[in-house]
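S.K.: In the numbering used here, each residue carries its 1-based index in the sequence shown increased by 56.
Just so you know, even glycine gets a beta-carbon here, dropped at the ideal spot from N, CA and C.
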Amino acid sequence: MLYGRTPFKGANRKETFYRILVKSPELVGEPTALRDLIGKLLEKDPTKRISMEEIKGHDYFRGVDWESILEIARPPFIPLLHEEDMKEIKSIDLELFVQGIFDDEVVGNIKGSGNFDQNEKKREEVNKGVLVETLKNPSKSADFSVF
Numbered sequence: 057m058l059y060g061r062t063p064f065k066g067a068n069r070k071e072t073f074y075r076i077l078v079k080s081p082e083l084v085g086e087p088t089a090l091r092d093l094i095g096k097l098l099e100k101d102p103t104k105r106i107s108m109e110e111i112k113g114h115d116y117f118r119g120v121d122w123e124s125i126l127e128i129a130r131p132p133f134i135p136l137l138h139e140e141d142m143k144e145i146k147s148i149d150l151e152l153f154v155q156g157i158f159d160d161e162v163v164g165n166i167k168g169s170g171n172f173d174q175n176e177k178k179r180e181e182v183n184k185g186v187l188v189e190t191l192k193n194p195s196k197s198a199d200f201s202v203f
């Protein structure tokens, strides 16, 4: 979010709905293309609201090739998690892991456990196999793209 809160935020639910229906959004700060676009999208009067063509031509979207949007490749194949993977995820101490993002020693302790290393290697091998197979037979799977 641009502001960290909704543009119609009130002290309570009733005030929020009142602001949505009656008040103009509070778009404070330095004027930017994004603030301008948000203001035009939140226009109360539908006849004055920005149209699709105007959105496409807005400064915020300058440089976007709208004709090629549909041709953008799908994200790469992401394998489904198996039940054994879920057991490993449940056994990880989440607080310890988050702390480990900032402390390499903690991450080393988590990765040092045998099960984590074995499953990580297994996942890497499976993913590598899928990638190699797809590169060898590109027509086999149209849903897999390599970026």
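Would you mind reading off the limits of the alpha helix (DSSP H) that contains Gly95?
M.R.: Ala89 to Leu97
S.K.: Helix, strand or coil: how does DSSP classify Phe133 here?
M.R.: coil
S.K.: Sorted by chain position, which residues of the same chain lie with C-beta nearer than 6 angstroms to Phe203's C-beta, five sequence neighbours on each side aside?
M.R.: For Phe203, the pLDDT reaches just 39, beneath the cut-off of 50, and the residue's location in the model is therefore unreliable, although a value from the coordinates is still provided. Excluding positions up to five away in sequence, the list is empty.
S.K.: When you compare only the Cα positions, how much space is there between His114 and Asp101?
M.R.: 19 angstroms
S.K.: Output the distance between the C-alpha atoms of Glu109 and Tyr116, rounded to the nearest integer angstrom.
M.R.: Cα-Cα distance, rounded: 13 angstroms.
S.K.: Verify whether the separation of the beta carbon atoms of Ser81 and Leu98 is less than 7 angstroms.
M.R.: Before going on, a small fix: residue 81 reads as Pro here, not Ser. One thing to note: Pro81 has its Cβ within 7 angstroms of the Cβ of Leu98.
S.K.: In the DSSP assignment, find the unbroken alpha helix (DSSP H) run with Arg69 in it and report its ends.
M.R.: Arg69 to Leu77
S.K.: Excluding the 5 residues flanking Leu41 on each side, which residues of the same chain have their C-beta closer than 7 angstroms to its C-beta?
M.R.: Outside the modelled stretch of the chain, which goes from 57 to 203, sits residue 41, for which no answer is possible.
S.K.: Identify the continuous alpha helix (DSSP H) that holds Ile111 and give its terminal residues.
M.R.: Met108 to Lys112
S.K.: Have a look at Ser124 and Glu71 and give me their C-alpha separation to the nearest angstrom.
M.R.: The straight-line gap from Cα to Cα measures roughly 43 angstroms.
S.K.: Pop quiz: Gly66 and Arg75 are said to be a contact at Cβ under 8 angstroms. What is the actual Cβ separation, rounded to whole angstroms?
M.R.: 5 angstroms
S.K.: What number of angstroms, rounded off, separates the C-alpha of Lys78 from the C-alpha of Val120?
M.R.: A quick correction: the sequence has Val, not Lys, at residue 78. Near 34 angstroms, if we compare the C-alpha coordinates of Val120 and Val78.
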